[in-house]
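Chains as they are written, first to last, in the working numbering: chain P, 1 to 486; chain X, 487 to 970; chain C, 971 to 1065. From the three backbone atoms N, C-alpha and C, an ideal C-beta is built for every residue, glycine too. Structure first, commentary second.
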């Protein structure tokens, strides 16, 4: 059961081949047995999971045929879950049991899904390797000496290792797509505003977006349909109908116009990653697509702009962690300043502090125009690059990351770590959707193909990704740990 | 040296919405600590703000009332600083694109003239919670019920030149917001709070002096007292060769002084930037026009009408238009009795006195405007005399009787105008007062006018106050003079 | 733009992050390199380009003025470090 897709599991449940309880028990047992090696989950919730599974089975017995009813998954520990610890991967929130559900969590519950637990992540979603977690790094299921990517590394690794068929992630600068690529799964970052941010612990509010991580584009389509939609509690969520994302999956690709941004195939791109991506593009040509080179001229300004905007927003968003109403509080504070400074110094890890300091500095008096305002101007130029490109082509394709998963501990320098996100970050600045699909290997480490579309083009992206998965079997490859049956 | 005072005010008005500016928690005053602080107000992880439509509408109404520009787009910014009563570590406010642009407020000066005070802008923001400093084992308690209550901050230009102008401006703002019904204006409960910027400069100098900002000036009286103290302090300092430093000072009403809020803090750096959780607020013209059409008559317009159309004195017009409740009461009295001057006299005389004695507001008056209007009518149509009217008023105030007519009837206060009955009473009084009659007769004619008072008093007493005093006076004079 | 240790300490103070001297030096180094990377922005001419705060050109939706929240103090204070009589306690605030 553990290596099936959501779609296959849904069919099994519908046919009565197994119950949700049996499926849940199987996966909980795998987590119990294998997660010690991987560290994918911060919190496992067996009692709640089995209770949800029983509810789902009972609902099915009453004739409930909801598509996702009874299907297990895991949720990044950035989503608030009522009554369950919600840590954001931080010591700051190690003691925080959320008193409410995020909208996404509510919707997943309403759809009948069964959450098995909360996945490990870079602290407050800041990182590209999952090494910034208070709960220790996650290992890549393909190679335990490699990182799984980040920040949704626990979610990606759990899906790849066959601990769960799907997981929820969030993506602020590539945090769904890059770990999906590193772990050989499919991960979708929707258009900004497509999925409610309510109850998702904020990193950078104008960039954060939640999305599904699963084994196939088809599974992502089902999950996106369940979590997307306008939310009255999130002013930035978009009042726009949610299409049936599975409807266009089978549309033929003949006539599809693909653009290859020349800036995504330049210096720093691993040649084997490039070969894998070009091979994938060839597959599309064979499916009837036409390919041309396009330019996104401001690509190289995306990382600098991001490292102004995201830390600025983060420095403000993380001010609420002050040791007063929730979260870590230092022992015996001498006075108010001591309470603040020590609680925050103890509660936050190094990368989080680095970004708070950067953000605080760039917003300070005298620097605002040179940094923040400038970065927002550049942000408009970057968005315009994409809008111009989508005048010419339907989708853009390129590598998700310039390299396959790197070794744990390989990127000690923050700036070189930041540069890893060169192909993913601009997408968040522009607010457009992107998906990463497995497209080959460099040695035993997976390579991801990134497909980008214009705002609200999720159906198209899922269709393009699904057709690739009908023509290739990269998404069916499993690491050894996932082959282990119990 | 002659000094000129320069004053600007920042007035914070709590808007009378049911729910908070960014959450659905109640804004009611006086609830148990933190029982009205929801997840959004507490700044819990992951929660998000959604803007209250009524708060925006109220801000726009204020803007329209002061003839301000209403920009099409306004934007919320974050003002970042740490304080226990500020749950998120930032206050959501409007720094660069406020909802209300430049406008002006007309104030009435002591000499009856008016002056226009320019308003720089007014912006929406969220209120903070409260720190309670009573002893919790040496700790401070934080109550966040007030956190997220909508505030309209109204920032004036430095256009005021005396403490009384500042007080008049604050009163004008108070009456505008209460007229509009966008705030209860209750300064005691903190619904309206005021920071005062004060500086002095030599008369004739154009450049402003260095100003001090005085916080926590929360009554009309305190504004005058705080400014008076601060002026004296600054002038003394300057005349002794010192300099005023730009700083924040706190007004201490108990000691009647301002004192520096010395903190070790370096100058604050609030790191304003646009709040990424909120989108630009766009107000279309039709919406603003609709709000304009539904504005009530405002105090300045009312004052002008009371003076020019109803013929009241400038003073009466000012007092009666100062609050919407007062103005509405007065107009109902006037409509019932048909005489604006009589209505004004009664509302400001007998009624205001009784309200003052019991510390009541006009909306809590036990006598309705219609009842008072009827009472005045009965004086005007000579049914009762002025003295009886005061008695009727007192009976009504005490709740004895539903209407003026009922009390007049029950107490037999109807004025006696029957000449025969009055003459009989007068004859009796003259007969009973031979000594006084003799004195009257012996007096010089020009002294007699004063002496007649005794007889009038006796007659009024005999009539139990119901005789018409003018009539008594006239008949008495005729009869006494006939004896001379 | 170069950053010195004073800048780091100033930012740390504004952000209420306790840093010791070693940490301040360490962050000064990191921040300097990050800012050097960020400074690439200065090479781009953005004259006349309007800043973009949100990726979609959307405007704020307004909610009706209704009380929708109930008293959940007990649940909310369950995760609070120190409360008494319904109040959050902090070291004495001196004004």
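{"Check": "Of the residues P:381, P:132, P:452 and P:402, the one placed nearest residue 1014 of chain C, counting alpha carbons only", "Outcome": "P:381"}
{"Check": "Interface residues of the segment 285-312 of chain P facing chain C [CB-CB below 8 Å]", "Outcome": "298, 300, 301, 303, 304, 305, 307 and 308"}
{"Check": "Environment of residue 524 of chain X [buried if 16+ CB atoms lie within 10 Å]", "Outcome": "buried"}
{"Check": "Residue 519 of chain X at chain P interface by Cβ criterion, 9 Å", "Outcome": "no"}
{"Check": "Nearest to residue 599 of chain X (by Cα), restricted to the options X:790, X:938, X:969 and X:968", "Outcome": "X:790"}
{"Check": "Inter-stretch contact at 8 Å, needing at least 3 Cβ pairs: the segment 932-949 of chain X / the segment 897-916 of chain X", "Outcome": "yes"}
{"Check": "One or two residues paired with residue 565 of chain X in a DSSP bridge", "Outcome": "X:577"}
{"Check": "Any C-beta of chain P under 9 Å from that of residue 1008 of chain C", "Outcome": "yes"}
{"Check": "Nonlocal neighbours in the same chain, by C-beta distance under 7 Å from residue 202 of chain P, ignoring five residues either side", "Outcome": "208 and 317"}
{"Check": "Cβ-based burial, residue 191 of chain P [other Cβ within 10 Å; buried from 16]", "Outcome": "buried"}
{"Check": "As assigned by DSSP and simplified to three states, the class of residue 750 of chain X", "Outcome": "Only weak support is given to the placement of residue 750 of chain X: the predicted model assigns it a pLDDT of 44, under 50, and the value that follows is read from those uncertain coordinates. Residue state, collapsed to three classes: coil."}
{"Check": "Beta-carbon proximity check, residue 162 of chain P vs residue 478 of chain P, cutoff 9 Å", "Outcome": "yes"}
{"Check": "Three CB pairs or more closer than 8 Å across the segment 337-347 of chain P and the segment 391-401 of chain P", "Outcome": "no"}
{"Check": "Spatially closest choice to residue 935 of chain X from X:535, X:700, X:963 and X:809, by CA coordinates", "Outcome": "X:963"}
{"Check": "Bridge partner(s) assigned by DSSP for residue 680 of chain X", "Outcome": "X:497"}
{"Check": "Contact with chain C by residue 622 of chain X, beta-carbon distance below 9 Å", "Outcome": "yes"}
{"Check": "Local conformation of residue 140 of chain P per DSSP, three classes", "Outcome": "strand"}
{"Check": "Rounded C-alpha distance that separates residue 819 of chain X from residue 863 of chain X", "Outcome": "10 Å"}
{"Check": "Which listed residue (X:796, X:856 and X:609) has its alpha carbon closest to that of residue 890 of chain X", "Outcome": "X:856"}
{"Check": "Cβ pair residue 116 of chain P, residue 164 of chain P closer than 9 Å", "Outcome": "yes"}
{"Check": "Chain P within 9 Å of residue 976 of chain C, Cβ atoms only", "Outcome": "no"}
{"Check": "Straight-line gap, residue 630 of chain X to residue 507 of chain X (C-alpha atoms, nearest Å)", "Outcome": "14 Å"}
{"Check": "Length of the line joining the Cα atoms of residue 933 of chain X and residue 965 of chain X", "Outcome": "17 Å"}
{"Check": "Segments of 4+ residues assigned as alpha helix (DSSP H) that fall wholly inside the segment 619-688 of chain X", "Outcome": "649-666"}
{"Check": "Supposed close pair residue 53 of chain P, residue 33 of chain P - CB separation, criterion 8 Å", "Outcome": "Not a contact, Cβ separation roughly 19 Å."}
{"Check": "Sequence-distant residues of its chain with Cβ nearer than 6 Å to residue 231 of chain P (five each side left out)", "Outcome": "103, 196, 198 and 237"}
{"Check": "Beta carbon proximity, residue 369 of chain P to chain X, threshold 9 Å", "Outcome": "no"}
{"Check": "Interfacial residues, the segment 395-412 of chain P to chain C, with Cβ spacing under 9 Å", "Outcome": "none"}
{"Check": "C-beta neighbour in chain X for residue 997 of chain C, strict 9 Å", "Outcome": "no"}
{"Check": "For residue 1058 of chain C: DSSP bridge partner residues", "Outcome": "X:628 and C:1053"}
{"Check": "Sub-9 Å separation of residue 299 of chain P and residue 263 of chain P beta-carbons", "Outcome": "yes"}
{"Check": "Residue nearest to residue 660 of chain X in terms of C-alpha spacing, selected from X:798, X:596 and X:495", "Outcome": "X:495"}
{"Check": "Inter-stretch contact at 8 Å, needing at least 3 Cβ pairs: the segment 321-341 of chain P / the segment 295-310 of chain P", "Outcome": "no"}
{"Check": "Unbroken beta strand (DSSP E) run spanning residue 774 of chain X, endpoints", "Outcome": "Unbroken run through residue 774 of chain X is the alpha helix (DSSP H), 771-779; no beta strand (DSSP E)."}
{"Check": "Sub-9 Å separation of residue 705 of chain X and residue 654 of chain X beta-carbons", "Outcome": "no"}
{"Check": "Rounded straight-line distance, which links the Cα of residue 303 of chain P to that of residue 445 of chain P", "Outcome": "25 Å"}
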